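Protein chains: 2
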Amino acid sequence: MNIRDWVIERARQAKLASRPLSILSTEVKNQALEAMADAIKANEPAIADANRKDLDAATSLSTAMLDRLTLTPKRIADMQTGLRDVAALPDPVGSRSDMWTRPNGLQIGRVRVPIGVIGIIYESRPNVTADTAGLCLKSGNAVVLRGGSEAIHSNTAIVNILTGAASDAGIPAGAITFLDNPDRQAVTEMLSLTEYIDLIIPRGGEGLMNAVTSQSKIPVIKHDKGVCHIYVDRDADLQMAQDVSFNAKVQRPGTCNATEALLVHEHIAPTFLPAIGMKLQAAGVEIRGCPKTVSLIPNAKRATEDDWGKEFLELILAIKIVDDMDAAMKHIVSYGSEHTETIITNNEAASQRFLKEVDASAVMVNASTRFNDGFQFGLGAEMGISTTRIHARGPMGLEELTCQKFVVHGNGQVRE
Amino acid sequence: MNIRDWVIERARQAKLASRPLSILSTEVKNQALEAMADAIKANEPAIADANRKDLDAATSLSTAMLDRLTLTPKRIADMQTGLRDVAALPDPVGSRSDMWTRPNGLQIGRVRVPIGVIGIIYESRPNVTADTAGLCLKSGNAVVLRGGSEAIHSNTAIVNILTGAASDAGIPAGAITFLDNPDRQAVTEMLSLTEYIDLIIPRGGEGLMNAVTSQSKIPVIKHDKGVCHIYVDRDADLQMAQDVSFNAKVQRPGTCNATEALLVHEHIAPTFLPAIGMKLQAAGVEIRGCPKTVSLIPNAKRATEDDWGKEFLELILAIKIVDDMDAAMKHIVSYGSEHTETIITNNEAASQRFLKEVDASAVMVNASTRFNDGFQFGLGAEMGISTTRIHARGPMGLEELTCQKFVVHGNGQVRE
């Protein structure tokens, strides 16, 4: 069988599974999720062995990639916890809006239903396999998983364990489908199957995003880069500004919601910047500043045009002194990626204006950008952080993995 | 300037306009909509003249296409009413969800914001120009309109009148952008501009849908065909079944929510079909039935495999006798387009099961499929009926032309 036919056949099986899956009871889905967690637990050594094979083969990967590929005992335990946590969350499927009644007596409402078949294209991290399979199952969607070739042994082991447990628990075959062919053509074919796959979610770096969005005939919800800013206003509490800025840069710099640039009102810059500069540098942060910033922070480098709007994903912070909030907002429009934007201020009018006029998946007052996250927002779980404006924006929880249908109750109404 | 650069420049202007437009007050937007309606009224003769030029040039169009292209005095008046109706609707922009508070004190909520720049690609009907410009303006979106070449004079006249009035009312230039170049390459270029256009909505026939979805790099919400069914259950009120089926087929057969096929439970077929058959045939409906149907309705034709799943859009109805509701639902899965599906029954268990298990943008009990419509559902207006599963499904009103951003209020929270 050629690759196209093979991918079609796998996607077709997922589509076939998606119908019975969409009307499965919450109880059966939850029991399956618990059984999947149990099976991961029972097969920890096998998963570790498979992961070892991938790591042994990964001779050309960067340290960061190797870290993402590695399944530590904690990460394998986290997969189990994640599946059990998803089982404990409310089922979004079947939840109904208030009904309204039209003058002709028709009663109308909306009910949540699964999207159908979701294709996930991801890199490196094999724990994504279990996490996304759990989220899709709970939300009643079949999933077609396509992991990176570097994680093929880990992913295959995990998927075989999950599908075995799911099948025993009454989940239709095909509901969790893994494309275990490392050929890149499999992705291209997958992205053309509008008849079988309803939504594509790519998770990974910029190269993957661009490849998927340029090729896909299927709707895509991107989980793209975050170039997040903190604007420290004239009326900021400077201690708070320091704590929040430090946290947003340093706590986990490799994430999309870490802050990449600080915009500082010129009135408070002479007080604020030397202190935060010293604290950041002591934590190993390289500072790339505008000329005025460089004059206020010893050992800061001059930023180049390229540094504004860059997702560093490491301990580098760009800093710019701005005349006022308008200049800060203009900078954010020009260089931000509409991911997460924070203002630090005690001025109510300034915070209201910032919340209204700045557009991003999350806009915050006096809080670290690192909070833009499904767990931190209280959604209970997350598929990732959408940077697409339609359907889901920001953290995607279970509800965002569903769509709605209108339901109408009549007693014989006809249109005039 | 070549076509690509010309389209980029127009789309760039729309993007530039979209930012100030997104935060414009409801009052200014409503005044602009009223002014646009006034301007249409003041320029009725000029619009009729421009339409006459299109009609004179339209020597090769079908009668149906000519009808859609024609701007009767009533249609020109309807454009005005439409704009004033949209002005009177609530503004979705800025509406905020309930806020929730996290254990760390963060307050989180969601606020509706415009999508940004919406590209509309449509055929024939020049009234779509005014309708969609009004909906996009009210929802704070810039719009890039691309109408069919056959309506170029009508569309140009309407757009010039609208943009003049909008500009005088304080709407930023570029907010209503019309691509007045009939070259098809303009569409291809438009569909590649992910940097400037956030969403594409195609409105038209299957050829247009396929061309747009296969080419677009921008997210698309399709308004595609409707292959709608009515299932007349064993426990149906037969008089109601007759009235609803007749209405759903005959009242306006050229629309996407008209019924194309009737599925009839075998127990009631011998009573129901001769009566409805006679009534439909008296109204000029051609019946194409399964063998059993043909034996019950004189002069009915035998349906071919091709007739199941066909969007006739005219006075033709396919009829099939089914063993039970399972067979009806199986037929709907195989041949329906997930647009509108109705069951006629007085059996509560049957209606509940049908509502749960049948998946379509609207699923109805005892009502004509013709009600799947934004005005009929009480949304106040509609951009069309989405057949895409993500973001908006079924009638798209003003709210569906917006997206959400998270807003977060803190007092210095940092992540541990």
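If you're matching them up, the sequences are chains A and B in order. 95 is the number that my numbering gives to position 95 of the first sequence; each next residue is one higher, with no gaps. Each position in the second sequence, counted from 1, maps to that position plus 1000 in my numbering. Where is the CB? At the ideal position from N, CA and C, for every residue including glycine. Small disclaimer: the values here were computed from a predicted structure and weren't measured.
Not a single CB atom of chain B sits nearer than 9 Å to the CB of A/Asn2. With a cutoff of 9 Å on beta-carbon distance, A/Lys225 and A/Glu311 are scored as near each other. In the displayed model, A/Arg52 falls within a helix according to three-state DSSP.
DSSP places A/Ser167 in the uninterrupted alpha helix (DSSP H) bounded by Ile152 to Asp168. From the beta-carbon of B/Lys1405, the residues of chain A found nearer than 8 Å are Asp359, Ala360, Ser361, Ala362, Val363, Arg393 and Gly394.
Among the bridge pairs identified by DSSP, A/Ile321 is matched with A/Val264. Considered as a whole, the segment 187 to 251 of chain A harbours 199 to 203 and 228 to 232 as its complete beta strand (DSSP E) runs of no fewer than 3 residues, in chain order.
When C-beta atoms of the segment 311 to 321 of chain A are compared with those of the segment 283 to 299 of chain A, three or more pairs fall below 8 Å, so the two segments count as touching. Residues of the segment 1039 to 1062 of chain B with a Cβ closer than 7 Å to any Cβ of chain A: none.
Note that the C-beta distance between A/Leu238 and A/Pro274 is not below 9 Å. Annotated three-state conformation of B/Glu1286 is strand, per DSSP.
Inter-residue distance for B/Gln1281 and B/Thr1259 is about 15 Å (C-alpha atoms, whole angstroms).
B/Gln1107: member of the beta strand (DSSP E) spanning Gln1107 to Pro1114, first to last residue. With respect to chain A, the C-beta atom of B/Phe1312 has no partner C-beta closer than 9 Å. Taking 9 Å as the cut-off, the Cβ atoms of B/Leu1199 and B/Pro1172 do not count as close.
Between B/Lys1222 and B/Ser1192, the gap from beta carbon to beta carbon reaches 9 Å or more.
Across the structure, A/Thr340 and B/Asn1002 are spaced so that their CA atoms are roughly 38 Å apart.
For B/Asn1030, the three-state secondary structure derived from DSSP is helix. Listed along the chain, the chain B residues whose CB falls inside 9 Å of the CB of A/Asp323 amount to none; the nearest CB is some 20 Å away. Burial is judged here by how many other beta carbons sit within 10 angstroms of a residue's own beta carbon; B/Trp1100 has fewer than 16 and is exposed. When DSSP reads this structure, B/Gln1013 sits in no beta bridge, so it has no partner. In this chain, B/Phe1354 is not harboured by any beta strand (DSSP E); it is covered by the alpha helix (DSSP H) spanning Glu1348 to Glu1357.
When rounded, the separation of the alpha-carbon atoms in A/His265 and A/Lys292 is 12 Å.
At a cut-off of 9 Å between beta carbons, B/Trp1308 makes no contact with chain A.
Proximity to A/Ser18 across B/Tyr1335, B/Val1358, B/Gly1394 and B/Gly1374 peaks at B/Val1358, based on C-alpha coordinates.
Nearest CB-CB separation between A/Asn347 and chain B: not below the 9 Å threshold.
Chain B places a beta carbon closer than 9 Å to that of A/Gly378, counting this residue as a contact.
Only those residues of the segment 1097 to 1129 of chain B whose C-beta falls short of 7 Å from the nearest C-beta of chain A are listed: Trp1100, Arg1102, Leu1106, Ile1108, Val1113, Ile1115 and Gly1116. In this structure, A/Ala381 and A/Gly397 form a Cβ contact; the two beta carbons are roughly 6 Å apart against a cut-off of 8 Å.
Counting other Cβ atoms within 10 Å of its Cβ, A/Thr59 stays below 16 and is therefore classed as exposed. Closer than 7 Å at the C-beta level to chain A, one finds no residue of the segment 1268 to 1283 of chain B.
Within the segment 1188 to 1217 of chain B, the residues whose Cβ lies closer than 8 Å to any Cβ of chain A are, in chain order, Thr1194, Asp1198, Leu1199, Thr1213, Ser1214 and Lys1217. Against chain B, the CB of A/Asn181 has no partner CB under 9 Å away; the residue lies outside that interface. Apart from sequence neighbours up to five positions away, the residues of its chain that approach B/Asp1233 with a beta-carbon distance below 7 Å are His1265, Met1325, Ile1343, Ile1344, Thr1345, Asn1347 and Ala1350, ordered along the chain. In the DSSP assignment, A/Gln80 falls within the unbroken alpha helix (DSSP H) covering Pro73 to Ala88. Less than 9 Å divides the Cβ of B/Tyr1122 from the Cβ of B/Pro1202.
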